[in-house]
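Right, one structure below, let's go through it.
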Amino acid sequence: MNKAGHLYKEFRFDNFIDAMTFANQIADMAEKEAHHPNLTITWGLCIVEIWTHDVGGLTENDFILAAKIGILK
870 MNKAGHLYKE
880 FRFDNFIDAM
890 TFANQIADMA
900 EKEAHHPNLT
910 ITWGLCIVEI
920 WTHDVGGLTE
930 NDFILAAKIG
940 ILK
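Residue numbers for the sequence shown follow our numbering, so the first one is 870 and each next one is one higher.
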């Protein structure tokens, strides 16, 4: 969790392509779930930040999405 109270995790990779591939997998899942995290992609790093925008905080769906993303890596 970060200072804003959002779920936050950094996923490290050996190169940019692997980080982007991971981000695209998250994007596909997010579209199916209709729940979209903030993603930041740089060389060897994909940062994922999850919270429910409508409530300005965390809901059960945020933890479910985070668990599903954790399985991808």
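All C-beta atoms, glycine included, are put in the ideal place defined by N, C-alpha and C.
{"Item": "According to DSSP, residues forming a beta bridge with Lys878", "Value": "Val917"}
{"Item": "Buried versus exposed call for Leu934 [16 or more other C-beta atoms within 10 Å across all chains shown]", "Value": "buried"}
{"Item": "DSSP three-state assignment for Leu811, whether helix, strand or coil", "Value": "This structure gives no information on residue 811, because the portion of the chain shown stretches from 870 to 942."}
{"Item": "Buried/exposed call for Trp920, threshold 16 Cβ in 10 Å", "Value": "buried"}
{"Item": "heavy atom of the ligand MG below 7 Å from Asn893 C-beta", "Value": "No copy of the ligand MG appears in this structure; indeed no ligand is present at all."}
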